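The opening position of the sequence shown corresponds to residue 14 in my numbering, with each subsequent residue numbered one higher.
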Amino acid sequence: MLRRFIDSAKEFYSLRDAIRIASSIADEPRKASERALSISRQRLEASETLWHAGFRAEGLRLALDAMRTAETAIPKAVVTLAGEEMTPDARTLVGFSAEEIKRIDATNERASKIEFPSLDAGIAKEHRDLHRELIATRQLIEVQLAPLVTTRWGRVATRARRVITTLGILALVIAGLVWAIAPKRAITVHASGHWDDQDHWHEDHIIDGVEATEWATPDGSAGFADLTLTPARNITGIEILNGHNTPWNDRATRAFRIEAYSHGRRVGAATGEFASYEIAPRWKRLALPANNVTRIRFQVVSWHQRGAALAEIRLLER
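Have a look at this one:
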């Protein structure tokens, strides 16, 4: 099984056998096979257009016609090689495996046993299944024959297209794996507590990007909020927006301290103060250069009126 897979992969990219077989096909039957495949491809496109437009009875007939037209490309290529009219076994001369020949024959047999409806209303599950099978079988025939009956430069283009497509798929897979295993950028917050144990004043509000929501500490007490950073960041400073607990306007942070930690080790600190209470707070920026920061602690030292509040914290990253 593994050996067969490796051989198939080699042939898919090198077209070694296709090139060897193509060199034995005369120009006239090669052109005839190429034309038959082109007609088949055109009829397939017409079939799919009709099918998806709701004209499924006619689309089904065209799908069968497309597959059988593709089949006619086989004897045109084989006659030169076999020196006689094609027999079912002669298909192996152009590279069809026993399994592929069996599949082609099974599709033809199934199509011969199913009654094709004249009206779209007569389309049933068996017809939908057959439509998919006809398209897949026709594609199988084209994949095998196209490299044989195209020109030398056509084969070069086919190999290049297959390599480029595979490299593109590999690049997408690798990018997906890197994205899946790479740590996602996130900030989570945990605080010492919040006022009244209600979500309205929860600490998550200081990183939600909404200036109208706030974190508030319990009445008359200091507190802290820890921001955990994933992955670690290199920062140059912090921007903070004080709270005011609208519409009551009775809370705000006064003095505060900010500390930056890298895996438990403090790597920077800054202090600041909102000297007066403001109903319309303004952003305050503090320099806090630090590398590989994994946690930021905002420590309330003092407050205005009933307790502390804070609206937002933003990191300034390098």
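Glycine residues also receive a C-beta, built at the ideal position from the N, C-alpha and C atoms.
Owing to the predicted nature of the structure, the values given are computational and were not obtained by experimental measurement.
Contact check, residue i vs residue j, beta carbons under 7 Å
| i | j | result |
| --- | --- | --- |
| residue 202 | residue 246 | no |
| residue 327 | residue 274 | no |
| residue 56 | residue 86 | no |
| residue 238 | residue 311 | yes |
| residue 256 | residue 322 | yes |
| residue 279 | residue 319 | no |
| residue 215 | residue 229 | no |
| residue 268 | residue 315 | yes |
| residue 196 | residue 243 | yes |
| residue 150 | residue 127 | no |
| residue 124 | residue 77 | yes |
| residue 186 | residue 235 | no |
| residue 271 | residue 283 | yes |
| residue 83 | residue 155 | yes |
| residue 285 | residue 299 | yes |
DSSP bridge partner residues for residue i (one or two, in chain order)
| i | result |
| --- | --- |
| residue 228 | 323 |
| residue 297 | 253 |
| residue 200 | 242 |
| residue 303 | 248 |
| residue 175 | Note: residue 175 sits in no beta bridge, so no partner. |
| residue 328 | 251 |
| residue 317 | 265 |
| residue 114 | In DSSP, residue 114 forms no bridge with anything. |
| residue 312 | 237, 270 |
Contact set for residue i: own chain, Cβ-Cβ below 6 Å, skip 5 residues either direction
| i | result |
| --- | --- |
| residue 69 | 133, 136 |
| residue 240 | 200, 202, 309 |
| residue 93 | Residue placement at residue 93 is poorly supported in this model, since its pLDDT is 49, which falls under 50; the coordinates are not used for a value here. |
| residue 220 | 200, 202 |
| residue 114 | 104 |
| residue 27 | none |
| residue 296 | 252, 254 |
| residue 177 | none |
| residue 61 | none |
Assumed close pair residue i, residue j - CB separation to whole angstroms, cut-off 8 Å
| i | j | result |
| --- | --- | --- |
| residue 250 | residue 301 | 5 Å |
| residue 324 | residue 224 | 5 Å |
| residue 303 | residue 253 | Incorrect: roughly 16 Å between the Cβ atoms, too far for contact. |
| residue 175 | residue 25 | 6 Å |
| residue 120 | residue 147 | 6 Å |
8 Å Cβ shell around residue i - same chain, five flanking residues per side excluded
| i | result |
| --- | --- |
| residue 171 | 28, 159, 160, 163 |
| residue 64 | 72, 73, 76, 144 |
| residue 198 | 243, 244 |
| residue 153 | 113, 116, 117 |
| residue 23 | 29 |
| residue 211 | none |
| residue 179 | 26 |
Other residues of its chain near residue i: CB distance less than 7 Å, five sequence neighbours each side excluded
| i | result |
| --- | --- |
| residue 112 | none |
| residue 110 | none |
| residue 258 | 227, 229, 264, 322 |
| residue 97 | Below a pLDDT of 50, predicted positions are generally treated as unreliable, and residue 97, at 47, falls in that range; no measurement from the model is reported. |
Interface flag, residue i vs chain D, CB-CB below 7 Å
| i | result |
| --- | --- |
| residue 46 | Among the chains in the structure shown there is no chain D, since it carries only a single protein chain. |
Closer than 6 Å: residue i CB and nearest the ligand GTP heavy atom
| i | result |
| --- | --- |
| residue 296 | With respect to the ligand GTP, the structure offers nothing, as it holds no ligand at all. |
Q | Runs of beta strand (DSSP E) lying entirely within the stretch 240-292, each at least 3 residues, in chain order | A | 264-266, 268-275, 278-286
Q | Complete alpha helix (DSSP H) runs within the stretch 114-162 (minimum length 4 residues, chain order) | A | 138-162
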